[in-house]
Amino acid sequence: MALVAISKGQPADALRRLAGDGQREFGENYLQEAVPKLAALSDLPLTWHFTGQLQANKTRIVAERFDWVHTLDRERIAIRLSEQRPADLPPLNICIQISLAPEPGKGGVEPAAAADLATAVQALPRLRLRGLMCIPPHRESYAEQLALFTQLAACRDRLNEAGLHLDALSMGMSSDLEAAIRAGATMVRIGTALFGERPAKAH
Ligand SMILES: *Cc1c(COP(=O)(O)O)cnc(C)c1O
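Under the numbering used here, the sequence shown has 156 at position 87, and the numbering climbs by one with no breaks.
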């Protein structure tokens, strides 16, 4: 299981310190903030995950500089990412974001639409479909958290039974990582529990 350090709102120095302790996987949500940080840390062998909402007019930066996108939810964005992925880089790893309980501003496709989008992504030459991701609505109890994450795992299982080959489940944040791991997460995305509270000026 991989630990992706979600470093939005953190200065490049904080990422460098964590990298010094051996952390290699980092996730960023906002491109304006991410681009200078990636440049400042380009001497380190890091893997970069894009975990924010991706607009169609910003796909090129992601295609050129990131290794993973966790939040794909539209075919149009997938097509652009594939077209813009440089030929000298390996295919861009993709997780499709699934909306388990629709919430405004969070993105994601309904589970029923996942198969069509997954099939479309799989056909694109410069993308590598890896799995599913969710940002579930906040739940206090472990049992409710587990129920939501189990839905994502079941969705992945259905797609694999239908002939896809998804090996990744990106789920679990600081407040619900235990339930996510129990339900089979292959990547947890942790910000606050690693870095402490985000500086107030950040998003
Ligand atoms: C901010 C964020 C996280 C990390 O949240 P924490 O509660 O700080 O651990 C994980 N995933 C996504 C998509 C995020 O935006």
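Glycine residues also receive a C-beta, built at the ideal position from the N, C-alpha and C atoms.
Query	Result
Does A237 come out as helix, strand or coil in the three-state DSSP assignment?	strand
Excluding the 5 residues flanking I167 on each side, which residues of the same chain have their C-beta closer than 8 Å to its C-beta?	G177, V178, E179, P180, A183, L201, M202, C203, L221, C224
Report the three-state DSSP secondary structure of R267 (helix, strand or coil).	coil
Taking all protein chains shown into account, do 16 or more other C-beta atoms lie within 10 angstroms of the C-beta of E133, making it buried, or fewer, making it exposed?	exposed
Considering just the uninterrupted stretch of the alpha helix (DSSP H) at I54, what are its terminal residues?	An answer regarding residue 54 cannot be provided, because it is not within the stretch 70 to 272 covered by the chain.
Residues in its own chain within less than 6 Å of T261 by CB, not counting five upstream and five downstream?	S243
Just to confirm the assignment: which complete alpha helix (DSSP H) runs, minimum length 4, are found wholly within the region 97-156?	100-109, 128-134, 144-153
Only counting the same chain, and skipping five residues up and downstream in sequence, which positions put a Cβ closer than 6 Å to that of K175?	I204
My output table needs one value for A71: the three-state DSSP class, helix, strand or coil.	strand
For L263 and A252, what's the separation of their Cα atoms in angstroms?	21 Å
Could you give the first and the last residue of the continuous alpha helix (DSSP H) run that contains V190?	183-191
To which residues does DSSP link R93 through a beta bridge?	Answer by DSSP bridge pairing: none, since R93 is not bridged.
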